[in-house]
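S.K.:
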């Protein structure tokens, strides 16, 4: 991508990158929690409402994640601190790639599961998404397993991601966390 | 003196909750002609329904039902039909929902195990189409309904296809916490395809 080659490594994330990061982070946490909570509820109007909200949020997160991927591919992020070891750089690269992949794959798995179970996804009750798979209860159960496994993977990598950010901030004392949380920089020691 | 075989008559029979019963009603019926369709082929027949749940098109079906008819294409106005559908055989595609719709707020199957349609009038519209009118009794409530029906004959088989809409609130289907139409729409579209056979 030409813009990618031309762009010099920035010293900071753009406001857009920061906003997308936190919007998606909050959205994922809420949608994840809602998904865990709603699945064991007995059938009720509230349960149907929550399922709809979960799906609408999932589609929204997919769109936001696509936008974020497009932003990432067209904007060079700030370089990693020079003090990081090669293995740490590899780990960071892998974890970030996995996070991008999962934020796209998880909504898709939910969408396909919903189609297989016979409930079309209609975004905000207005925009119908096509059913890419036919109604098939057994396939729906398998896709539920896929959806859960991908979410477990996401939860583990988010834990790693958060742990690494805290390690950068508290142990390495570099600006890795502060550049995604600018108020830390304003109030913090490195100004 | 040899008498012609009397036409099948509707007889009141006890209905078990799960029993699939179809009865044939012939009022002052003419003798059954060879061209009259009087039996159905369950394997080639289906009754489904469609509704909207929070903007999503959903559907369900009656896994068991029967319908005997008396329909002579040469005299459609004299045709009659009675359908009885055991409501324990509703399938909306989800185990928890299938159990939910048996409950009091929905079909109250324990008290009203069977839905029944009885025709009152058939009006020929020409071109293998007719208007079927009758009474639908569901959950202890009866309302008139009518449906345009097209039929296609193939030898001794005839396929009757049609649909009609009902308002679920008219029959108190989905009461209490389920009565909000923004959640489950009031309108339910019932579609039927009945394959009938000559005797």
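Residue numbers (this note's numbering), protein chains in the order written: chain E, 2 to 192; chain S, 24 to 222. Just so you know, even glycine gets a beta-carbon here, dropped at the ideal spot from N, CA and C.
1) Taking the straight line between their C-alpha atoms, what separation do you get for residue 46(S) and residue 64(S)?
2) Pull up the CB-CB distance for residue 49(E) and residue 206(S), whole angstroms please, since I reckon it's below 8 angstroms.
3) Given that residue 149(E) touches chain S, what residues does it touch there, using C-beta distances under 7 angstroms?
4) Consider the Cβ of residue 196(E): report whether some Cβ of chain S lies at a distance smaller than 9 angstroms.
5) Which residues mark the beginning and the end of the alpha helix (DSSP H) in which residue 108(E) is found?
6) Contact criterion: CB-CB distance below 9 angstroms. Does residue 132(S) meet it with respect to chain E?
7) Would you call the CB atoms of residue 59(S) and residue 88(S) closer than 9 angstroms?
8) Taking only beta-carbon atoms, is residue 123(S) less than 9 angstroms away from chain E?
9) Strictly below 7 angstroms CB to CB, what residues from chain E border residue 79(S)?
10) Taking 9 angstroms as the CB-CB cut-off, is residue 49(S) touching chain E?
11) In terms of alpha-carbon separation, which member of 57(E), 61(E), 85(E), 45(E) lies closest to residue 24(E)?
12) Could you check whether the Cβ of residue 85(S) sits closer than 9 angstroms to any Cβ belonging to chain E?
13) Exposed or buried, residue 1(E), counting other C-beta atoms within 10 Å across all chains shown (16 or more means buried)?
14) How far does the alpha helix (DSSP H) with residue 87(S) in it extend, from its first residue to its last?
15) Counting contacts by CB-CB distance shorter than 9 angstroms, is residue 127(E) in contact with chain S?
16) Hey, could you find the ends of the alpha helix (DSSP H) residue 46(E) is sitting in?
17) Can you tell me whether residue 119(S) is helix, strand or coil according to DSSP?
18) Which stretch, first to last residue, makes up the alpha helix (DSSP H) that contains residue 32(E)?
19) What are the partner residues of residue 114(S), as DSSP defines its beta bridges?
20) What residue range does the alpha helix (DSSP H) around residue 158(E) cover?
21) Per DSSP, what kind of secondary structure is residue 196(S) in: helix, strand or coil?
22) Report the residue from 91(S), 209(S), 124(S) whose alpha carbon sits nearest the alpha carbon of residue 192(S).
23) Does the CB of residue 206(S) have a neighbour CB from chain E at under 9 angstroms?
24) Mind checking if residue 117(S) is an interface residue toward chain E, Cβ cutoff 9 angstroms exclusive?
25) Whole angstroms is fine: what's the gap from residue 125(E)'s alpha carbon to residue 136(E)'s?
26) Report the rounded CA-to-CA distance for residue 62(S) versus residue 92(S), giving the unit in angstroms.
27) Classify residue 115(E) as buried or exposed, calling it buried when 16 or more other Cβ atoms lie within 10 Å of its own Cβ.
28) Does residue 43(E) have its Cβ less than 9 angstroms from a Cβ in chain S?
29) Pick from 148(S), 110(S), 170(S): whose alpha carbon is nearest that of residue 186(S)?
30) In whole angstroms, what separates the C-alpha of residue 129(S) from that of residue 99(E)?
31) Start and end of the beta strand (DSSP E) containing residue 61(S)?
32) Just tell me which of 111(E), 159(E), 86(E) has its CA closest to the CA of residue 173(E).
33) Could you tell me whether the Cβ atoms of residue 211(S) and residue 74(S) are closer together than 9 angstroms?
34) Ends of the beta strand (DSSP E) at residue 187(S)?
35) Taking only beta-carbon atoms, is residue 120(S) less than 9 angstroms away from chain E?
36) On the premise that residue 120(S) lies in contact with residue 44(E), defined as a C-beta separation below 8 angstroms, what is that separation, rounded to the nearest angstrom?
M.R.: So, from the data block:
1) Model confidence at residue 46(S) stands at a pLDDT of 34, short of 50, so the residue's coordinates are unreliable and nothing is read from them.
2) 6 angstroms
3) None at all; the shortest Cβ gap to chain S is about 18 angstroms.
4) The structure shown does not extend to residue 196(E), since chain E spans only 2 to 192, so no value can be given for it.
5) 87-117
6) no
7) no
8) yes
9) 120, 121, 123
10) At residue 49(S) the pLDDT is 38, less than 50, meaning the model places this residue with poor confidence; the figure from the coordinates comes in the next sentence. No - not a single Cβ of chain E is within 9 angstroms of the one on residue 49(S).
11) 61(E)
12) no
13) Examination of residue 1(E) is not possible in this model, given that chain E is present from 2 through 192 alone.
14) First-last for residue 87(S): undefined, no H or E at that position.
15) yes
16) 46-75
17) helix
18) 16-39
19) 84(S)
20) 138-168
21) coil
22) 209(S)
23) yes
24) yes
25) 22 angstroms
26) 6 angstroms
27) buried
28) yes
29) 170(S)
30) 46 angstroms
31) Here residue 61(S) belongs to no beta strand (DSSP E), and DSSP marks it neither H nor E.
32) 86(E)
33) yes
34) 180-190
35) yes
36) 6 angstroms
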